[in-house]
Amino acid sequence: MSEAVRVPSPATPLVVAAAAPEERKGKESEREKLPPIVSAGAGATAGLDRGAKGQISTFSSFISAVSPKKEAAENRSSPAHLVFPNIKNVREQPPICLDVRQKQRTSMDASSSEMKAPVLPEPILPIQPKTVKDFQEDVEKVKSSGDWKAVHDFYLTTFDSFPELNAAFKKDATASFNTIEDSGINAKFVNAVYDTLLNTPQDVQKTVLKGIINSLLREWKGPRTKDDLRAYFILLQNPQFNNTSTYVIYAHLLRQIATLVEADHHFLVHWFKKLSQKRFKQLVERLLQFISLRLFPAKPEEFPPITKCSWWIPSAAKVLALLKFIFTDTANNLVHPPLIPYTDFYNSTLDHIDLMEEYHTWQNFGNSHRFSFCQYPFVISVAAKKIIIQRDSEQQMINIARLTRKRADLKKKLKVTFVGEAGLDMGGLTKEWFLLLIRQIFHPDYGMFTYHKDSHCHWFSSFKCDNYSEFRLVGILMGLAVYNSITLDIRFPPCCYKKLLSPPIIPSDQNIPVGICNVTVDDLCQIMPELAHGLSELLSHEGNVEEDFYSTFQVFQEEFGIIKSYNLKPGGDKISVTNQNRKEYVQLYTDFLLNKSIYKQFAAFYYGFHSVCASNALMLLRPEEVEILVCGSPDLDMHALQRSTQYDGYAKTDLTIKYFWDVVLGFPLDLQKKLLHFTTGSDRVPVGGMADLNFKISKNETSTNCLPVAHTCFNQLCLPPYKSKKDLKQKLIIGISNSEGFGLE
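Residue numbers for the sequence shown follow our numbering, so the first one is 435 and each next one is one higher.
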C-alpha cells in the first residue's frame, strides 16, 4: 500500500507518516541506536509516577537532559495513590489493588479532578493494510519463494506507530470500542503475527524493534486514548522481549504501562483476562525472567549500570501486579477459577537475595520512594516468607527478652524431654510432642472442634463456655509449630487461615473485632458441603421461595441436647425468606456460621497464634501460604523424595531399595499419601520440599514375614529385606493402610 492512501489522524500530529521524506529519513537514521538511559535518581521507583495533571513521562524525556531539580519536582508532584475516576463503562469496577503492602502508613491521595480520564473521541486511523487471511497467504508464499518483502513491509508499517498498530489489528477500524470488556483487537491476528515473527530473518525482527522504538518515542501528552491502550496491550505480548538484547526497549514499555492512571489500568486488566492460559502464562514468565536477569545478569555488560536503570524492576513489578490481579484474586470475580495458580508468580531468584534487607526497607520506608519486593509479596515464595517470619521473630525475641521474659520464651526454640525417657532432642522429640498434643486436642471427647466427615476437616465448636483459654492454647501451639518448622497434621478448611489474617497484625485497639472476614457459600462448602449445596439450591430456585421453603431469617443449633434459635437480623423470626431477599439470607446465614457463632472461640485462637507469630511479615502472606506453613503442601513429588532419601544398613543400589521405589513410584496418589503419613505423621510436604523431610530408610533385620515399621518422630521407615517386589508391595500396603498413626479420624 502506498503512503498516499494512509491518512494520519488529526488527533495524533506526531505520527511519522505526516513528516516530510527528508525529515523522516533523518529521524530513522537517528534511531538506529537504542536511546540512552538517564539515571532515575536515588529512589528505586523514581520516574515511575506520573507527573502533575496526569501527563505521562515519555521516552523522549529519557533522551533529553533532565536536571536534578526538575526530576525532584516531578517526583514531589507524583501521587502516591491513584484515584479511580467515575467514567463511563468503568464506574462499577472495583479498584485495582497492585498488592503494594504498606505498614500502616498514610499518603496524600491525588484529587479526583486531577486524575479524571474522560473518554476521548477515537482518532481516525490509517487504512487497515492486511487481513489475517492476507497475512497468512503472504507467509505461505514466502515458504515457496523465499521472498520476505511483503511480510517485511507489513512489519515495517505496522509497528511504526500506535495508530498503525491499531489499524492493523482492530477488528473494525471505524468502530469505537470503549467498553471495558472488549478491546476490539483481533487476538487471532496478533497471535499469528507474533508466532511468525520469531521465524523471520533478522532484518525483519530488527525492523519490528525499531518500529517499537519509534512508537514509544512519540510525545503523547494528556489522557490516553483507547487506541493508545490497545497499542500497549499488543506490544506487551511481543515474544521478542524474551531476548535480553531487547530489554532496554522492554523496560521503557513497562515503564509507560506502569505509569498509566488507574482508569487505564482497569481497561488493560479486563483485556488481558481474555488471553488464553498459554499466552497469559508467557507474559508472567517473561516478566519474572526480566527481573531475575536484571538482578543476576549472565553478562553484566549487556545492560546499563543498575544505578542508571533502578526503575526497571519496579516497573516490571507493577505490571506483574496488574496481571496477578486478574487470575489469582478470585474475590474480584474477574476470572474464576483462576487460570494459573498463585505460585506461578513466585520468583525463585529472590530466594537468593538479602531478604531481610528487603524486609527492613519495607518496614522503614513502606510504600515511599524506596522500592522493596515486600511491596509485591506475590513474587516472594512461601519458603522465603517463612525465613523472613522466623528471623523477624528471632529479632523480636532478642529485643524484648529483658523486658517480658515469659512472652519472649514462646519465641525460643523448643527443646522437649519426656519424663522418664532419656534422650537429647534433635528435633524428633519436639515433633513427637506436637503430634501427641494434636491427637489429644482434636479428640471428639474434648468438644472443642467438630469433625465433618463430608469435608474431612475440623471446625470450631459453637458451644458456649465460660473460658475460651484452651482455644488460645491451640493457637499458641500452631504458632509454635510454624516458628519451630514442625508440620502439623491439622485439617482446618482454607477459611480458617483467611480468618487468621483478618487482620494480619493484631490491632492496637482491643475493641476492634479480629478473625472476621468476608465469607461466601464457597467457603461454607469447604466445611459443610451438604448445607452449602442446599443454600445454593435456594439461590437458584425458580419457583416461589417463600411458599416452597417456608423459611425465616432464623437459624437453629443444638447445644448439649438443647435446640436454640438465633435471629440472623433483628426480628428475623418474623421475616420470611423470599425470592427478593434470599441472597441476603444466604449471606447472613453463612456469616453467622463462619464468623458470629464462633467469634469468641476464634478470637482466642487468633490471639494465641499471633502471640507467637506476631510479625509485620504476616502481611506478606496469602491464606494458602499460612496453611502451608502450618500443615505443609499437599503437592507430593516422590521422585524428589527418592533423590533426597538417606539409608542406614542399605545402599540405594540394593535390590530391596530398588523394589521399594519401583513400588512407591507406581502407587496412586492416595497410597503415596498414606506412606508419607505412616512414616512422618503427616501426608503433606514441608515448606522446603521433600528434601526437608530428612527421610531415612533403615534395614530391619527381623523376619521378612514382618510388616514395615515407622518412627514418625525421625521420619524413618524400617524395612525388612524382602525377597521379591510382590512381597514388599503386599507388606507395605498392609502396613500403611492399617496403621492408626497420629490420624485424626
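Ideal Cβ positions, reconstructed from N, Cα and C, are used throughout, including at glycine.
So is residue i buried or exposed if we call it buried at 16+ other beta carbons inside 10 Å?
i	result
residue 1087	exposed
residue 952	exposed
residue 1091	buried
residue 697	buried
residue 594	buried
residue 690	buried
residue 677	exposed
residue 958	buried
residue 877	exposed
residue 1013	exposed
residue 806	buried
residue 1042	buried
residue 533	Bear in mind that a pLDDT of 49 at residue 533, under 50, signals an unreliable position, so the model cannot answer this.
residue 1158	exposed
residue 706	buried
residue 1004	exposed
residue 730	exposed
residue 832	exposed
residue 1029	buried
Residue i and residue j look like a contact to me (Cβ under 8 angstroms); what is the Cβ gap, rounded to whole Å?
i	j	result
residue 1129	residue 1113	7 angstroms
residue 895	residue 881	6 angstroms
residue 668	residue 603	6 angstroms
residue 724	residue 776	Between residue 776 and residue 724 the Cβ distance is about 20 angstroms, and since that is not below 8 angstroms, they are no contact.
residue 987	residue 1002	4 angstroms
residue 1054	residue 811	4 angstroms
residue 1057	residue 931	4 angstroms
residue 1039	residue 906	7 angstroms
Roughly how many angstroms separate the alpha carbons of residue i and residue j, rounded to a whole number?
i	j	result
residue 599	residue 665	6 angstroms
residue 1023	residue 989	8 angstroms
residue 1102	residue 709	34 angstroms
residue 733	residue 946	53 angstroms
residue 636	residue 699	34 angstroms
residue 624	residue 663	15 angstroms
residue 891	residue 973	25 angstroms
residue 1109	residue 660	57 angstroms
residue 756	residue 883	40 angstroms
residue 786	residue 798	22 angstroms
residue 1071	residue 754	28 angstroms
residue 897	residue 1047	27 angstroms
residue 437	residue 580	Confidence at residue 437 is low in this model, with a pLDDT of 35, below 50, so its placement is unreliable and no value can be given for it.
residue 1117	residue 631	47 angstroms
residue 771	residue 1093	40 angstroms
residue 1100	residue 1167	12 angstroms
residue 566	residue 670	20 angstroms
residue 871	residue 995	28 angstroms
residue 597	residue 728	32 angstroms
residue 744	residue 638	31 angstroms
residue 1115	residue 1044	25 angstroms
residue 479	residue 813	Because residue 479 carries a pLDDT of 41, less than 50, the predicted location of this residue cannot be relied on, and the following value inherits that uncertainty. Taking the straight line from one Cα to the other gives about 17 angstroms.
residue 1144	residue 1150	6 angstroms
residue 1019	residue 1011	7 angstroms
For the alpha helix (DSSP H) that residue i lies in, which residues bound it at each end?
i	result
residue 705	696-706
residue 1144	No alpha helix (DSSP H) contains residue 1144, which is instead part of the beta strand (DSSP E) from 1143-1145.
residue 1095	1089-1099
residue 1160	1159-1172
residue 907	903-917
residue 1133	It is not in any alpha helix (DSSP H) - residue 1133 instead sits in the beta strand (DSSP E) that spans 1130-1133.
residue 1033	1033-1047
residue 1065	1057-1065
residue 891	Careful: residue 891 lies outside any alpha helix (DSSP H), inside the beta strand (DSSP E) at 891-894.
residue 1110	1103-1114
residue 727	711-729
residue 1215	Residue 1215 falls outside the range modelled here, since the chain spans only 435 to 1179, and no answer is possible.
So the beta strand (DSSP E) residue i belongs to, where does it begin and stop?
i	result
residue 997	996-1001
residue 884	883-886
residue 953	Premise fails: residue 953 is in no beta strand (DSSP E) and is neither H nor E.
residue 992	988-993
residue 810	No beta strand (DSSP E) contains residue 810, which DSSP labels as neither H nor E.
Against chain C, with Cβ distances strictly below 8 angstroms, would residue i count as a contact?
i	result
residue 1059	Structure shown: chain C not included; a single protein chain is present.
Length-filtered (3 minimum) beta strand (DSSP E) runs lying within the segment 622-691 = none
Counting only runs of 4+ residues fully inside the segment 567-609, write out the alpha helix (DSSP H) ranges in chain order.
-> 583-592 and 596-603
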